[in-house]
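Asker: Attaching a single structure in structure tokens format; questions to follow.
In this note's numbering, the protein residues as written are 724 to 903.
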């Protein structure tokens, strides 16, 4: 693998972060959170680095709809990415579980692109971000989670998951200190 880096933007969808989200993040300031992600994406694109998006889509009969209040149920507006965050032409990978690595195309993209460093921002720390970070680390990637650009449902659990990730040798970084 070369020393290439990829920014993985997870689940920045209307069902979680739109005007009327069914399962909203609990971060103190949603607009500051979204602006921070947007600024980071702009910097990565400006530096000609790869940005990929991940979105959750639960099928009509998925039991996960019950846990997520159907926030990202297939066929609803909730599955759509937030328009101001998505950069046209960047790859989007769908998942129907909390772990993006269940999408074989995602892992193939990382391998084929010869990426070594994976930077993760998005939602939710307790679920999808945690699963992606730990799985990427187990698969041999250098993983950094951008803590101020991670959404959460529960602040206390957020801090516990950050500690868990650190114990798994995942770097916990601030958005302002991230460079590809």
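A virtual CB, placed ideally from N, CA and C, is assigned to each residue, including glycine.
How long is the line joining the alpha carbons of residue 759 and residue 900, rounded to whole angstroms?
Answerer: 12 Å
Asker: Please name the residue or residues paired with residue 815 in a DSSP beta bridge.
Answerer: DSSP lists 776 as partners of residue 815.
Asker: Take residue 765 as the anchor and find which of 808, 790 and 830 has the nearest alpha-carbon.
Answerer: 808
Asker: My assumption, with CB atoms under 8 Å, is that residue 727 sits in contact with residue 860. Please give the rounded CB distance.
Answerer: The pair is not a contact, with the Cβ atoms about 17 Å apart (cut-off 8 Å).
Asker: Smallest Cα separation from residue 802: which of 818, 812, 789 and 790?
Answerer: 818
Asker: Using only alpha-carbon positions, find the residue among 839, 855, 898 and 795 that is nearest to residue 884.
Answerer: 855
Asker: With residue 876 and residue 745 assumed to form a contact (beta carbons below 8 Å), what rounded beta-carbon distance in angstroms separates them?
Answerer: The pair is not a contact, with the Cβ atoms about 13 Å apart (cut-off 8 Å).
Asker: For residue 839, which of helix, strand or coil comes out of DSSP?
Answerer: strand
Asker: Bridge partners for residue 733 per DSSP, in chain order?
Answerer: 777 and 845
Asker: Is residue 804 helix, strand or coil by DSSP?
Answerer: strand
Asker: Where do the ends of the alpha helix (DSSP H) carrying residue 871 lie?
Answerer: Careful: residue 871 lies outside any alpha helix (DSSP H), inside the beta strand (DSSP E) at 865-873.
Asker: Using DSSP bridges, identify the partner residues of residue 896.
Answerer: 869
Asker: Measure the C-alpha to C-alpha separation of residue 743 and residue 778 and round it to an integer number of angstroms.
Answerer: 18 Å
Asker: Would residue 866 pass as a contact of residue 816 if the rule is Cβ separation under 9 Å?
Answerer: no
Asker: Buried or exposed: residue 810, going by 16 or more other Cβ atoms within 10 Å of its Cβ?
Answerer: Exposed, because fewer than 16 other Cβ atoms sit within 10 Å of the Cβ of residue 810.
Asker: Run through DSSP, which three-state label would residue 862 get?
Answerer: The answer is coil: DSSP assigns residue 862 none of H, G, I, E or B.
Asker: Tell me the rounded alpha-carbon separation between residue 730 and residue 785.
Answerer: 29 Å
Asker: So residue 888 and residue 853 are in contact, right, with Cβ under 8 Å, and what is the actual spacing, rounded?
Answerer: 7 Å
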